[in-house]
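Heads up: the sequence shown begins at 837 in the numbering used here, then just goes up one per residue.
Think of the CB as a built atom: it goes at the ideal place given N, C-alpha and C, for glycine as much as any other residue.
Report on the structure given below.
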Amino acid sequence: NLQHLRRHCSADSTRLVYHFSTTMAKKQPEAAAAVDPTGWMVDNDVANFLLLHQKEVLYMCMLGYTFLHGSKVFKAVPKTASVSYKLISMILACTGGGILVPIFLNKVPVPLANDAYPIAILTSFACHYYFPVVAEVMNLSPVVKSLVVVFYELVRAKVVLTFTLAASAAIAPTTFSFPLFGPIMCGTVAGCGGAFLPMNKGLDPITNGLQPPMSSAFVGSALVHLFLNTSLSDGVINAKEKAHLHLALLFITVGLVSAFNMKAAKVKKE
């Protein structure tokens, strides 16, 4: 009986200690979660759309991206050109940067790695080839044209960011603690590489200076790369998404200004 009593008391004391420790743990204040003062930038529906988080939105923007490229291609190529010439020209225009940069980085080119791009290109090509009136509607309607430009620039921003980050991860640093010029060059080519394809164009696309997509791709990739790899992003929560958001807004602004020729008028000298 004495041994049974000792076991009973020991069990009760164990339960008491466990209950006391559990109660004290519950009463301890929880660690305060990190507060993001700029979290409102990406925590909203507009940012989710601009960052192309949903696949449906991405595919819709890819159609706008390829359709706008197709509009430029069908204006540039001769009307008597064959269907295959127009189609290949459109493929190179849409995925030029996605072909050149993966080759630089020893990766698989985009049109081979992502089936969504060929599908979007073929769909847009069919619209231009069989229903050219659709392109005319886009050029006549500022609202439709603005939407297509926004879709186009959102995809371009995603491409530039993706390849800038991929180059930064693939290229080993040499002079500095991170690769400096390589990722910026890759991001620039990713945003405008289609202008130089096919290769027989040479440097003709920049004979009269850099086109807006070229300059915006260079500035955007440089700003994003320097921001993410220097102390500028220290302490910034979701720095990648916020950089992506600002890059998309930059591209949209430049794209709309270029599409509607909203440039400052030149002052005539008397």
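Identify whether residue i lies in helix, strand or coil by the three-state DSSP scheme.
i, result
"Ser977", "coil"
"Gly1045", "coil"
"Phe1017", "helix"
"Ser918", "coil"
"Leu888", "coil"
"Ala1095", "helix"
"Asn942", "coil"
"Asn880", "coil"
"Phe1012", "coil"
"Leu923", "helix"
"Val986", "helix"
"Gly1038", "coil"
"Ala971", "helix"
"Pro947", "helix"
"Thr874", "coil"
"Ile1007", "coil"
Suppose contacts are defined by Cβ-Cβ distances below 8 Å. Is residue i in contact with residue j by that definition?
i, j, result
"Val985", "Ala1095", "yes"
"Ala1058", "Ile1088", "no"
"Leu997", "His1080", "yes"
"Lys922", "Phe910", "yes"
"Tyr895", "Ala971", "no"
"Val991", "Met1050", "no"
"Leu1092", "Ser982", "yes"
"Cys930", "Ile957", "yes"
"Ala1026", "Gly933", "yes"
"Ala1006", "Leu941", "yes"
"Leu1033", "Leu928", "yes"
"Leu935", "Val944", "Sequence inspection shows Ile at residue 935; the Leu mentioned does not correspond to that position. Not in contact: Ile935 and Val944 (Cβ atoms no closer than 8 Å)."
"Ala1053", "Cys1028", "yes"
"Glu1077", "Val878", "yes"
"His964", "Ser1004", "no"
Just how far apart, CA to CA, sit residue i and residue j?
i, j, result
"Asn884", "Thr916", "43 Å"
"Ser1069", "Ala1075", "6 Å"
"Ser925", "Gly875", "42 Å"
"Gly906", "Phe961", "6 Å"
"Ala1031", "Pro1041", "7 Å"
"Ser920", "Glu989", "27 Å"
"Val893", "Thr1000", "22 Å"
"Leu1046", "Asn1097", "16 Å"
"Leu976", "Leu1086", "25 Å"
"Gln890", "His1082", "19 Å"
"Val1055", "Phe1017", "12 Å"
"Thr859", "Asp872", "Bear in mind that a pLDDT of 49 at Thr859, under 50, signals an unreliable position, so the number given afterwards is only what the model happens to contain. Near 32 Å, if we compare the C-alpha coordinates of Asp872 and Thr859."
What are the start and end residues of the alpha helix (DSSP H) that includes residue i?
i, result
"Thr959", "Ala952 to Tyr966"
"Met898", "Lys891 to Ala912"
Alpha helix (DSSP H) runs contained entirely in the region 1064 to 1095, provided each spans 4 or more residues
1075 to 1095
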